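In the working numbering, the protein residues as written are 93 to 263. All residues carry an ideal CB built from backbone N, CA and C; glycine is no exception. Since the structure is predicted, the reported quantities are computational estimates derived from the model, not experimental observations. These notes are about the structure you will find just below.
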């Protein structure tokens, strides 16, 4: 940051112990993500996660779960909404609308580009929503997804598509 250059890329390969079950993604993905994180030579100051933080029915999504294990600030940046309701955010880049579930503010629908669907930003661990929105917007470089999660998808994509791979997760 601020150039968003890649500092290092580490990948963990292995089979997920559980099938995908909506609402329980952290139990499937945490072990491989943590294995990739253990390979890092430097410690991250902030982790953006492709998944929910507290915008989760149990208020403990993948971003929150990882934050507890890693003991660093984490932000959930999800492509789809798991729970809660929101008004449509404005069409301008950076517009957001509160994501509320049963009267509780759990995140925001954030428009990262004009004419694209919003992403869902929520507190993972050790950060507030205003700061989470700030960092996510500052990590967007012309794509819908923030650069760290977009590059992680690209890093994992090549390995995940190889025959016999159960899944890979970059850190």
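- A distance below 7 Å between beta-carbons, with the five flanking residues on each side excluded, links residue 171 to the following residues of its chain, in chain order: 211.
- Non-local beta-carbon contacts of residue 207 in its own chain, meaning distances under 8 Å to residues more than five positions away in sequence, involve 183 in chain order.
- Annotation note: the segment 208-250 contains the following uninterrupted beta strand (DSSP E) runs of length 3 or greater, listed N- to C-terminal: 211-217.
- Sorting 185, 222, 193, 216 by C-alpha distance to the C-alpha of residue 234 places 185 at the top.
- Taking 8 Å as the cut-off, the Cβ atoms of residue 158 and residue 249 do not count as close.
- Shown here for residue 100: same chain residues with a beta carbon closer than 8 Å to its own, the five before and five after excluded, namely 132, 133, 134 in chain order.
- Contact check for residue 226 and residue 201: beta-carbon distance about 16 Å, past the 8 Å limit, so the pair fails to qualify.
- In the three-state DSSP reduction, residue 121 falls in the helix class (H, G or I).
- Shown here, residue 138 sits in coil according to DSSP, grouped into three states, outside any helix or strand.
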